Amino acid sequence: MTLFIEQCLNGLQFGLLLFMLAAGLTLVFGIMDLVNLAHGSLYMLGAYFAATFAAFTGSFILGAVLALAATLLVGMAVEVIALRRLYGRDHLDHVLGTFGLILFFDEAVRLIWGPEGLSLPLPSWLNASIQVLPGVQYSAYRFSIIVVTLFVAAGLYILVMRTRVGMLIRAGASNREMVGALGVNIKLLYTLVFGLGAALAGLAGLMQAPILTVQIGMGENILILAFVITVIGGIGSVRGALVAALLVGFIDTLGRSYLPDILRELLSPAAASTLAPALSSMLIYLLMAIVLIFKPEGLFAAGRK
Amino acid sequence: MSAPLLQVSGLAKRFGGIVATDDVSFAIPEGELHALIGPNGAGKTTLIAQLSGSIVADGGRIAFAGADITRLPMPKRSHIGLARSFQITSLFLDLSVLDNVALAVQAHAGHSFSFWRNARAEAGLRVPAREALARVGLADRAERSTASLSHGEHRLLELAMALASKPRLLLLDEPMAGLGPEESVRMVEMLRALKRDYTILLVEHDMEAVFALADRISVLVYGRIIATGSPDDIRANEQVREAYLGDAETAHA
Amino acid sequence: MMPALTLRNIVVGALMVALILLPVYAQLADDRFLMTLFTRIIILALAAVSLNLILGFGGMMSFGHAAYLGIGGYAVGMLAKEGIMNGFIQWPVALGASALFALIVGALSLRTRGVYFIMITLAFAQMAYYVVSGIARYGGDDGLTIYKRSQFFEPLNLSNKTQFYYLCLAILFGAIYLVRRLVNSRFGMVIQGARSNDVRMRAIGFSPYRYKLVAFVIAGTLCGLAGALLANHTDFVSPSVMYWTRSGDLIIMVVLGGMGTVIGPVIGAVTLLVLEEVLSGITEYWQIILGPLLLLVVLFARGGIDGLLTQLGERLRRGRPS
Chain A
1 MTLFIEQCLN
11 GLQFGLLLFM
21 LAAGLTLVFG
31 IMDLVNLAHG
41 SLYMLGAYFA
51 ATFAAFTGSF
61 ILGAVLALAA
71 TLLVGMAVEV
81 IALRRLYGRD
91 HLDHVLGTFG
101 LILFFDEAVR
111 LIWGPEGLSL
121 PLPSWLNASI
131 QVLPGVQYSA
141 YRFSIIVVTL
151 FVAAGLYILV
161 MRTRVGMLIR
171 AGASNREMVG
181 ALGVNIKLLY
191 TLVFGLGAAL
201 AGLAGLMQAP
211 ILTVQIGMGE
221 NILILAFVIT
231 VIGGIGSVRG
241 ALVAALLVGF
251 IDTLGRSYLP
261 DILRELLSPA
271 AASTLAPALS
281 SMLIYLLMAI
291 VLIFKPEGLF
301 AAGRK
Chain B
306 MSAPLLQVSG
316 LAKRFGGIVA
326 TDDVSFAIPE
336 GELHALIGPN
346 GAGKTTLIAQ
356 LSGSIVADGG
366 RIAFAGADIT
376 RLPMPKRSHI
386 GLARSFQITS
396 LFLDLSVLDN
406 VALAVQAHAG
416 HSFSFWRNAR
426 AEAGLRVPAR
436 EALARVGLAD
446 RAERSTASLS
456 HGEHRLLELA
466 MALASKPRLL
476 LLDEPMAGLG
486 PEESVRMVEM
496 LRALKRDYTI
506 LLVEHDMEAV
516 FALADRISVL
526 VYGRIIATGS
536 PDDIRANEQV
546 REAYLGDAET
556 AHA
Chain C
559 MMPALTLRNI
569 VVGALMVALI
579 LLPVYAQLAD
589 DRFLMTLFTR
599 IIILALAAVS
609 LNLILGFGGM
619 MSFGHAAYLG
629 IGGYAVGMLA
639 KEGIMNGFIQ
649 WPVALGASAL
659 FALIVGALSL
669 RTRGVYFIMI
679 TLAFAQMAYY
689 VVSGIARYGG
699 DDGLTIYKRS
709 QFFEPLNLSN
719 KTQFYYLCLA
729 ILFGAIYLVR
739 RLVNSRFGMV
749 IQGARSNDVR
759 MRAIGFSPYR
769 YKLVAFVIAG
779 TLCGLAGALL
789 ANHTDFVSPS
799 VMYWTRSGDL
809 IIMVVLGGMG
819 TVIGPVIGAV
829 TLLVLEEVLS
839 GITEYWQIIL
849 GPLLLLVVLF
859 ARGGIDGLLT
869 QLGERLRRGR
879 PS
């Protein structure tokens with residue numbers, strides 16, 4: 001039972017982390033109609049920046065803040081230099097152009113930081129267990145990820161639903177020309193939205209850094225997960241991204257820990273041990289395929305074509 | 306008297322709270338040119354979309370040549386002889402002009418699971434396509450890329466594609482949209498000639514053209530048909546003048 | 559009919575001749591590496607040609623095409639591991655498995671469009687990737703070594719580098735001819751029409767779905783053949799051949815060479831892979847050049863190299879007094 005609660009918390013933590021990535025992706029999708037494969041590169045950069053700045057300043061928190069700012073700047077620079085020119089092109093152009101950016105960023109990281117990868121050690125106060133429920137110990141760091149991402153998600157909700165910028169974002173998603181006609185500087189708006197998305201990706205990357213190794217290509221695996229989430233949730237829908245991210249987080253985490261046991265009940269041990277790892281990796285793709293078969297526009301399709 | 310070619314009865318369509326088509330009934334006998342007019346936002350395009358099958362009606366019935374086609378999907382409607390031209394030009398811009406029309410012919414010339422023979426050399430497709438192009442006066446444009454044609458020529462190509470699909474009823478959605486005065490005159494002549502061979506439902510804003518061409522006219526306002534009759538009846542109809550023509554006549558004066 | 563003597567046709571012709579004569583040169587110069595490189599290029603060109611059928615002509619932005627490379631390869635590898643070396647069994651299984659996978663993926667994903675289509679094809683390819691990664695009997699993550707190449711009849715011997723090269727080249731030429739016939743047939747007109755304007759296709763009486771599905775299956779099957787060749791070429795197959803970035807590479811080849819022309823993907827495959835060789839000879843960090851280069855192609859050369867050659871040829875002709 002304790003283990004189950006812990007796995008659920010892991011699922012929640014992973015889901016919320018994925019939401020940080022997917023939110024940026026879906027905002028950029030929904031507002032600029034841009035498929036950005038390089039989103040995973042920003043995640044990777046967030047992790048590399050955090051590891052570097054934390055080592056440089058000697059403070060985990062300071063390193064994280066600096067990394068966030070750096071990712072934001074890189075994101076806005078990428079938008080201004082390259083991606084801005086891809087708006088209004090077809091999706092194939094987006095896929096190719098941003099694929100080019102992945103190659104560039106992966107190689108740039110290798111050039112700057114070398115091929116080995118880095119690690120981001122946790123400060124002792126985070127590297128501990130806390131009691132989250134009576135009798136349930138949980139990693140303080142993972143718990144703090146849950147808290148931070150919940151705050152960011154709430155902030156994002158307020159930003160999108162309650163502020164003037166958010167209104168422009170929502171209007172931009174449904175009516176580009178109108179926002180332009182209102183005299184809003186749409187170029188600047190787009191740059192800011194992209195920067196925001198980049199910072200969220202960077203945040204996800206730097207939070208994941210102490211759990212996994214910081215390495216080249218770390219963005220590619222998780223990018224696909226983030227895409228799956230935006231597609232399940234409905235492209236352009238932040239709420240859909242949240243629901244889908246939690247769904248994927250839980251299914252992936254619980255699937256990996258319990259599927260082998262379940263299969264062992266049903267199949268021969270040999271067949272179960274062959275099938276379990278493949279099937280648990282496949283689960284979320286299966287989920288996506290099923291969702292798309294019944295709802296080709298995702299769970300929370302934004303109200304436009 | 307035989308049944309009309311197209312019989313629409315009690316057709317209804319709602320988008321959320323907005324009633325786009327409200328209990329619409331009318332009939333078009335074989336050989337008639339029936340015009341559908343109405344102010345902007347009256348629901349003409351929605352009605353055409355329901356007739357051609359791109360939108361499914363919420364209620365009511367559409368019968369074509371005696372058969373109920375209310376729920377028939379769009380490609381099938383084309384096969385039984387309903388051909389639609391689009392208000393906003395909708396062509397295969399990256400194919401040649403002749404390819405566009407030949408595709409319309411091909412759609413009605415057996416199945417297309419033919420993988421080896423060169424379709425661009427099939428006389429059975431190319432000859433009727435050239436005939437349709439000649440009919441609308443685009444014969445000399447056949448080999449051009451469709452994107453390079455003028456707007457007026459695109460409108461004619463729209464028409465040629467509709468003709469190439471061997472229609473029994475032509476649904477023409479504002480064929481004059483965006484045409485200059487000379488091109489409009491040419492289009493009216495074209496429609497006058499087509500009228501001899503086809504039953505036509507014409508949705509059009511150009512009142513001069515409508516009154517010159519139509520056998521009968523239906524007036525659509527806020528999704529309802531408020532009057533149907535001969536051009537003279539419609540001209541004399543008080544309700545129509547009030548709702549619609551009134552503005553136009555004042556504007557013309 | 560003789561093709562016109564344009565710059566583009568001269569380049570294409572020269573490329574074909576070069577591919578045919580390459581083994582002779584490699585023999586004379588005793589350059590084994592060149593043979594290995596170009597066998598690989600030809601196989602991947604075949605995969606790109608198959609992708610082009612749906613991407614370039616059909617407008618179906620499949621982001622999971624590398625899956626068929628893996629399926630074709632694993633069909634050969636798994637059968638070899640089980641002791642079945644006969645190519646007449648291995649290859650039909652490779653093609654059949656690819657066709658079946660394409661049929662399932664296509665039937666489901668062609669119901670969606672736009673980004674959803676891109677993502678669902680990607681997701682299915684990732685599923686295939688994880689399935690083979692998880693099967694320990696066939697090497698899992700580490701891949702599967704193939705100790706003996708597919709056996710056909712005497713004197714065809716796939717282990718003979720020259721024979722294998724010409725076999726691959728003949729298949730590539732055959733595939734180019736096949737695609738050329740396909741796209742000019744009635745069937746080809748339908749998939750091109752559906753790429754151009756799906757709504758209009760339905761309005762004039764077509765149901766494009768089944769035609770697109772057939773195109774999707776043909777493309778997958780052809781790519782499965784490339785997979786069978788690739789596995790024989792490298793004597794090895796691993797999940798990484800079907801990773802999503804591999805699918806990205808195939809898309810790059812198609813677009814770089816020129817979409818929607820039959821020969822474009824071959825030019826693209828040759829260019830990309832030769833460029834990789836050249837750049838990696840200059841600097842270890844060659845992708846830092848390739849990445850931005852791709853972006854430039856997307857921004858400024860939409861017709862790919864094929865399109866550039868055609869344009870350049872026309873400019874030359876117009877510049878010359880006639």
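Chains as they are written, first to last, in this note's numbering: chain A, 1 to 305; chain B, 306 to 558; chain C, 559 to 880.
Ideal Cβ placement from N, Cα and C applies to all residues, glycine included.
Predicted model only: the values in this text are computed from it and were never measured.
For residue i, does the count of other Cβ atoms within 10 angstroms reach 16, so buried, or fall short, so exposed?
i	result
D537 of chain B	exposed
S59 of chain A	exposed
V832 of chain C	exposed
R460 of chain B	buried
K881 of chain C	The question about residue 881 of chain C has no answer here: the residues shown for chain C are numbered 559 through 880.
V147 of chain A	exposed
K187 of chain A	exposed
S268 of chain A	exposed
Y503 of chain B	buried
D373 of chain B	exposed
A686 of chain C	buried
R142 of chain A	buried
T274 of chain A	buried
What is the C-beta distance between residue i and residue j, in whole angstroms, given that I count them as a contact (C-beta under 8 Å)?
i	j	result
G750 of chain C	V737 of chain C	In the sequence on display, residue 750 of chain C carries Gln and not Gly. With 8 Å as the limit, Q750 of chain C and V737 of chain C do not qualify as a contact, their Cβ atoms being about 12 Å apart.
D106 of chain A	I224 of chain A	That belief does not hold up - the Cβ atoms of D106 of chain A and I224 of chain A are roughly 15 Å apart, past 8 Å.
F294 of chain A	R239 of chain A	19 Å between Cβ atoms; not a contact.
G617 of chain C	A752 of chain C	7 Å
M817 of chain C	L613 of chain C	7 Å
R332 of chain B	L311 of chain B	Position check: residue 332 of chain B holds Ala in this sequence, whereas Arg was assumed. About 7 Å; that satisfies the 8 Å criterion.
A140 of chain A	S129 of chain A	6 Å
L68 of chain A	G202 of chain A	6 Å
T679 of chain C	F621 of chain C	5 Å
A467 of chain B	L475 of chain B	6 Å
L332 of chain A	G197 of chain A	Summary: the structure shown does not reach residue 332 of chain A, with chain A confined to residues 1 through 305, and so no result is reported for it.
Please report the straight-line C-alpha distance between residue i and residue j, rounded to a whole angstrom.
i	j	result
V493 of chain B	V757 of chain C	27 Å
L37 of chain A	F53 of chain A	26 Å
M207 of chain A	L192 of chain A	22 Å
R85 of chain A	L857 of chain C	7 Å
Q137 of chain A	S754 of chain C	59 Å
S489 of chain B	H456 of chain B	12 Å
A244 of chain A	R760 of chain C	34 Å
T533 of chain B	A22 of chain A	55 Å
V545 of chain B	I169 of chain A	44 Å
R882 of chain C	L398 of chain B	Any question about residue 882 of chain C goes unanswered here, given that chain C covers just 559 to 880.
T803 of chain C	L111 of chain A	20 Å
G371 of chain B	A308 of chain B	7 Å
A683 of chain C	V689 of chain C	10 Å
H39 of chain A	G635 of chain C	35 Å
Judging by CA-CA distance, which residue of the options is the nearest neighbour of residue i?
i	options	result
I235 of chain A	C:A686, C:Y674 and C:Y735	C:Y674
V28 of chain A	A:D261, A:V148 and A:S237	A:S237
E487 of chain B	B:V410, B:E458, B:S383 and B:A439	B:E458
H413 of chain B	B:L474, B:V432, B:A469 and B:E337	B:A469
W421 of chain B	C:G641, C:F615, C:A694 and C:S743	C:S743
L327 of chain B	B:Y527, B:I505 and B:I539	Just to set this straight, residue 327 of chain B is Asp in the shown sequence, not Leu. D327 of chain B has its Cα closest to that of B:Y527, out of B:Y527, B:I505 and B:I539.
A625 of chain C	C:M643, C:E834 and C:A606	C:A606
L45 of chain A	A:M282, A:L17 and A:V74	A:V74
G321 of chain B	B:L387, B:D363 and B:S453	B:D363
L866 of chain C	C:V836, C:L853, C:V820 and C:L814	C:L814
* If you pair each beta-carbon of the stretch 505-524 of chain B with each one of the stretch 341-351 of chain B, do three or more pairs fall below 8 Å? -> yes
* Asked: Are the stretch 624-643 of chain C and the stretch 778-785 of chain C touching by the rule of at least three beta carbon pairs closer than 8 Å?
  -> yes
* For the stretch 385-400 of chain B against the stretch 474-487 of chain B, are there 3 or more C-beta pairs whose distance is under 8 Å? -> yes
* Spell out a yes or no on whether the stretch 844-856 of chain C and the stretch 665-680 of chain C are touching, meaning 3 or more CB-CB pairs, one atom from each, closer than 8 Å. => no
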